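All remarks here apply to the structure that follows.
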Amino acid sequence: MITRRWLAAGAGGLLAVLAVGLFPANAAAGEPAAKESPKVELVLDVSGSMRATDIDGKSRMAAAKQAFNEVLDAVPDEVQLGIRTLGANYPGDDRQVGCKDTKQLYPVGRLDRTEAKTAVGTLAPTGWTPIGPALLGAADDLKGGDATRRIVLITDGEDTCAPLDPCEVARDIAAQGIHLVIDTLGLVPDAKTRNQLLCIAEATGGTYTSVQHTDELSGRVKQLVDRAATPVVKPVATEGAKSCEGAPKLGAGLYSDRETFGEHRWYRVDVRPGQELRASVSVSADRAVNNDYGVLLRASTTHGREIVRGSEAGDGRTDAISTGLRYPKPETGDEETGADGKPAAETVCLQVSNSFAAGPSVKTTPGLPVELTVDLVDAPDDASDVASFGLGRGWWLLAVLVLAGFLAGLVWGWISRWRVSVWRTN
Numbered sequence: 001m002i003t004r005r006w007l008a009a010g011a012g013g014l015l016a017v018l019a020v021g022l023f024p025a026n027a028a029a030g031e032p033a034a035k036e037s038p039k040v041e042l043v044l045d046v047s048g049s050m051r052a053t054d055i056d057g058k059s060r061m062a063a064a065k066q067a068f069n070e071v072l073d074a075v076p077d078e079v080q081l082g083i084r085t086l087g088a089n090y091p092g093d094d095r096q097v098g099c100k101d102t103k104q105l106y107p108v109g110r111l112d113r114t115e116a117k118t119a120v121g122t123l124a125p126t127g128w129t130p131i132g133p134a135l136l137g138a139a140d141d142l143k144g145g146d147a148t149r150r151i152v153l154i155t156d157g158e159d160t161c162a163p164l165d166p167c168e169v170a171r172d173i174a175a176q177g178i179h180l181v182i183d184t185l186g187l188v189p190d191a192k193t194r195n196q197l198l199c200i201a202e203a204t205g206g207t208y209t210s211v212q213h214t215d216e217l218s219g220r221v222k223q224l225v226d227r228a229a230t231p232v233v234k235p236v237a238t239e240g241a242k243s244c245e246g247a248p249k250l251g252a253g254l255y256s257d258r259e260t261f262g263e264h265r266w267y268r269v270d271v272r273p274g275q276e277l278r279a280s281v282s283v284s285a286d287r288a289v290n291n292d293y294g295v296l297l298r299a300s301t302t303h304g305r306e307i308v309r310g311s312e313a314g315d316g317r318t319d320a321i322s323t324g325l326r327y328p329k330p331e332t333g334d335e336e337t338g339a340d341g342k343p344a345a346e347t348v349c350l351q352v353s354n355s356f357a358a359g360p361s362v363k364t365t366p367g368l369p370v371e372l373t374v375d376l377v378d379a380p381d382d383a384s385d386v387a388s389f390g391l392g393r394g395w396w397l398l399a400v401l402v403l404a405g406f407l408a409g410l411v412w413g414w415i416s417r418w419r420v421s422v423w424r425t426n
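The sequence shown begins at 1 in my numbering and counts up by one.
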C-alpha cells in the first residue's frame, strides 16, 4: 500500500512538474505568477505571554524583535512586505475588547527597513491572543491583484478568542480561491498550540514550524519570505459540476477546487486524435478525518462508458492522497474534421470522487481542497504502444532484465551442479 501511494504521489508530482515546464507563460491555466511583486505579511503575537524568558535566556518578545531585524535586512527588493500585530494594544480584562486587538503595524508595500525596524522596536507584550481576527485582517491587507500572497503567523500560544476558530478562518480564506498561503511558527509551543497551528497551515497548503531558538526563528522566516519571491505555478480556481453535461471545459493546466465529503465532481477535456490525456488529482485532508479513505479519478465518454480510471486508498493519518490516469487517442486516418479543418476532438469526462468521512463534530464546509492537473501531449504512434501502459519504453528494459536473470540462473545452476559432482568425486 505504501509503495502504491508513493507511486501515485510521484505520478502527480511528475505531472505537476510537466505542467511547469510545458505550459507557456500566457496559458490560461497555471500561469506563473511573476507579473506582480509578491506580497508577504508577518503577523506577530504581542500578547502578555510573550514576556516569558525561555528562548536563549531572553524573553520571547526580545527574540522575536531580534529575528525581525535580521529578516528585514534580508527581504528581497521585489517583495512587498507588511507587519500586523495581535494583542499589542489593549492590556485590560474585557474579553470583547481584547479580542478585537489586532492592527497593521507597517503597511504592505515597498520596504523602508529603518521605518519598519523602528515600528517593531516599540512593541511590548500586552494583551490577548486574537489569532482569528488577525488572520482576517491580514487577508484583507493582502487582497487585490494576482501576486503571490503569504501570511507568516508567529505566536507562542493558541487563540484565546473562540468561538471564532482560527482553523475555520483559515479554511474560509482557502475556500475563497485567492491562493493565499498561511505559514505558522510556534514559539516553544505546547500540544494545543501545535495542533491549532498545524490545522491553520494545512488548511491553506502552508507549513508549520516549532521554534526553540532565535536563529531558528529568523532563519525560517527568511526562508518563507524568499519562497514567496520565487515564481510558482498558481492553480486556476474552477468549480466542478454534478454531471458531465454541465461540467466546465478544461485545457492543459493546474486547477483548484473544493469537494465535500463523499462528493462526485465532473470536468470535461477535449482530446484530439494524436493526443494523449494525462491527468492527476490530489485531495487534501485539511481537518480530522476517519480512517479508511480513497480518491478516484475516472475518464469516461459523454455517454457514460468508462475509458480508464486511477484510484488510491489508505488509512490512518494523511495530508493528501493522489492518483492519476493516461488516455492516448491515436490517429486512425478516417476522423471527422471540425470547422477549423483539424480532426474533431473527443470530449472526455473526468470524474473526481472521494470517500473521506469525518466525525459528527467536524465541519464539512468548506469542502476538502482538490488540485487537478491536466496535460495533453503527443500520443504513442500505435494504440498498442507499451508507453500507454505507464512504463514507457521501460518494458524493453524489464524484458532484458528478466531474460538476463533467467540465463544467469541457468548458468549458476549448471556451475553449482558441476561443483557438487567434482566434490563428490574427490
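Note that CB positions come from ideal geometry on N, CA and C, so glycine has one too.
Keep in mind that this is a model prediction, so the values were computed, not measured.
Task: GLU216 versus VAL283: straight-line alpha-carbon distance, rounded - done: 31 Å
Task: Beta carbon of VAL370 nearer than 8 Å to that of VAL269 - done: no
Task: Local conformation of SER37 per DSSP, three classes - done: coil
Open item on the list: In the DSSP output, which residue or residues are listed as bridge partners for ALA299?
Closed with: VAL308, LEU350
Task: Limits of the unbroken beta strand (DSSP E) element including VAL271 - done: 264-271
Open item on the list: One question on the structure: do GLY87 and VAL46 come within less than 8 Å of each other, judged by their Cβ atoms?
Closed with: yes
Open item on the list: Please classify THR53 as buried or exposed, where buried requires at least 16 other C-beta atoms within 10 Å of its C-beta.
Closed with: exposed
Task: Integer-rounded CB distance, given that PRO273 should sit under 8 Å from TYR255 - done: Their Cβ separation, rounded to whole angstroms, is 24 Å, which puts TYR255 and PRO273 out of contact at 8 Å.
Task: Terminal residues of the alpha helix (DSSP H) in which THR457 lies - done: For the chain, the structure presents residues 1 to 426; residue 457 sits outside this window and is missing.
Task: Contacting residues, own chain, Cβ-Cβ under 6 Å from ALA170 (five flanking each side not counted) - done: ILE182, ILE200, ALA203, THR204
Task: Residue interval of the alpha helix (DSSP H) (run including GLN104) - done: Careful: GLN104 lies outside any alpha helix (DSSP H), inside the beta strand (DSSP E) at 102-109.
Task: Sequence-distant residues of its chain with Cβ nearer than 7 Å to ASP286 (five each side left out) - done: ARG171, GLU202, ALA203, LEU368, PRO369
- [ ] Could you tell me how far apart the beta carbons of ILE151 and ALA162 are, in whole angstroms, since I believe they sit closer than 8 Å?
- [x] Actually they do not touch by this definition, with Cβ atoms about 20 Å apart.
Open item on the list: Under 8 Å: do the segment 359-366 and the segment 299-317 share three or more Cβ pairs, one atom per stretch?
Closed with: no
Task: Identity of the residue in THR114, ARG60, ALA399 nearest HIS213 by Cα - done: ARG60
- [ ] Kindly identify the DSSP beta-bridge partner or partners of ALA64.
- [x] Its beta-bridge partners do not exist; DSSP assigns none.
Task: With 16 other Cβ atoms within 10 Å as the buried cut-off, status of VAL127 - done: The residue asked about is misnamed: residue 127 is Gly in this sequence, not Val. GLY127 comes out buried.
Open item on the list: Taking 7 Å as the limit between beta carbons, can you name the residues of its chain near ARG95, skipping five residues before and five after?
Closed with: none
TODO: Go through its chain and collect everything with a Cβ distance to LEU187's Cβ below 6 Å, but skip five positions before and after it.
DONE: ARG60, ASP156, VAL211
Task: Sequence-distant residues of the same chain with beta carbon closer than 6 Å to GLY294, five excluded per side - done: ALA313, SER355
- [ ] Answer with buried or exposed for SER416, where buried requires no fewer than 16 other C-beta atoms within 10 angstroms of its C-beta.
- [x] exposed
Open item on the list: Out of THR102, VAL289, LYS342, which one is the CA nearest neighbour of GLU359?
Closed with: The sequence given here places Gly at residue 359; Glu does not occur at that position. When only C-alpha atoms are compared, the closest one is VAL289.
Task: Buried versus exposed, by CB contacts within 10 Å (16 or more), GLU41 - done: buried
Open item on the list: Give me the residue from TYR267, ALA252, LEU180 with the minimum Cα distance to ALA241.
Closed with: TYR267
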